[in-house]
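Report on one structure; see the data block that follows.
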Ligand code: NDP
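Residue numbers (this note's numbering): 6 to 327.
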């Protein structure tokens, strides 16, 4: 099978395609013929060596396709089922293995591509808006990188919950996309002081929650944009890590809450994974949640996909097709 292999960490050019033997599904695992692969920031960090992975390795954890073979003891799936997971082992490949308990069947009415393009980021947007800070009708929220993969989905889910959504992005085109996803107000955070704007828009009250995936460049402004006892959900660091901070800052700025959530803790049990997936795919199937595939690359061009995502050129989801 074809697989992207990383033998040494470095720039996008270290992502090379190779022919390697098919993996064998162990007990409780599925072998999946991959049809679409989700590209995520974490694979850039792993490729660069920021997050350590034993080498050589095949990057990628999010993909969708058709079950080709079952390991012993699998009862919930059969050969031919369409499945998606964010826990594939080596998803940048034409085949990959996944523990059955981390896979989910794709319902009729949701294409395999849309499943791959919405799963990890959709589950993320879902837990942020429904569990980390469960938005209520009429509450205001600020979504950074609102035209990005998580951003476009989060704007839509926040609107579904009746929130007032302020979205930030770096270009007029991206701001337009965020408005299309339901953002009531948008701010170009590369040219404007987004915290001051958010306070102005909320009559100097501040927003109830900031969903911040950008990190270093937005962190302080995000705290300043919050209302008293508001919450900063810092869930990514696309601009770089946030430096260490003195917790006193949270009391000075209004008894704020700061959390640094990660998806794995919100889909830790099979029950929670299935419950969130069912709701997510229900919205996709019923046309309530639009999945935007901003860029699609053949697997062999994985390096270009990484370049595009890292250089801020993408909107919506980036996928690879084997
Ligand atoms: P995006 O599609 O949001 O892409 C990143 C966006 O961040 C860019 O398009 C850009 O939008 C913005 N950005 C701001 N500054 C920079 C910078 N210096 N370099 C690059 N981009 C920048 O990516 P994803 O939706 O895939 O992921 C967003 C973030 O969320 C990532 O950091 C990812 O690791 C994290 N994440 C966290 C999860 C969790 O559970 N904690 C789960 C999934 C993702 P603009 O041009 O508008 O500024």
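The C-beta atom is built at its ideal place from N, Cα and C for all residues, glycine as well. Note that the coordinates shown come from a computational prediction; the quantities given were computed from them, not determined experimentally.
(request) Report the rounded CA-to-CA distance for residue 44 versus residue 65, giving the unit in angstroms. (result) 7 Å
(request) Let me know the secondary structure DSSP gives residue 270 once reduced to three states. (result) helix
(request) Have a look at residue 268 and residue 132 and give me their C-alpha separation to the nearest angstrom. (result) 8 Å
(request) Please list, in chain order, all residues with a C-beta atom less than 5 Å from at least one heavy atom of the ligand NDP. (result) 46, 129, 150, 153, 154, 155, 174, 175, 179, 218, 219, 240, 241, 243, 244, 267, 268 and 317
(request) Quick one: measure Cβ to Cβ for residue 41 and residue 324, integer angstroms, because I've assumed they're closer than 8 Å. (result) 5 Å
(request) Give a yes or no on contact between the stretch 157 to 170 and the stretch 230 to 237, applying the rule of three or more CB pairs nearer than 8 Å. (result) no
(request) Classify residue 196 as buried or exposed, calling it buried when 16 or more other Cβ atoms lie within 10 Å of its own Cβ. (result) exposed
(request) Go to residue 303, then tell me how far its beta strand (DSSP E) extends in each direction, as first and last residue. (result) 298 to 303
(message) So for residue 136, helix, strand or coil by DSSP?
(response) helix
(request) Taking residue 290 as part of the alpha helix (DSSP H), name the residues at either end of that continuous run. (result) 275 to 290
(request) For the beta strand (DSSP E) containing residue 104, list its first residue and its last residue. (result) 100 to 104
(message) Taking the alpha helix (DSSP H) that residue 204 belongs to, which residues open and close that run?
(response) 199 to 206
(request) Alpha carbon to alpha carbon, how far is residue 210 from residue 126? Give it in angstroms, no decimals. (result) 30 Å
(message) Mapping the DSSP letters down to three states, classify residue 79 as helix, strand or coil.
(response) coil
(message) If we require 4 or more residues per run, which alpha helix (DSSP H) segments fall completely within the stretch 29 to 91?
(response) 46 to 53
(request) Report the three-state DSSP secondary structure of residue 324 (helix, strand or coil). (result) strand
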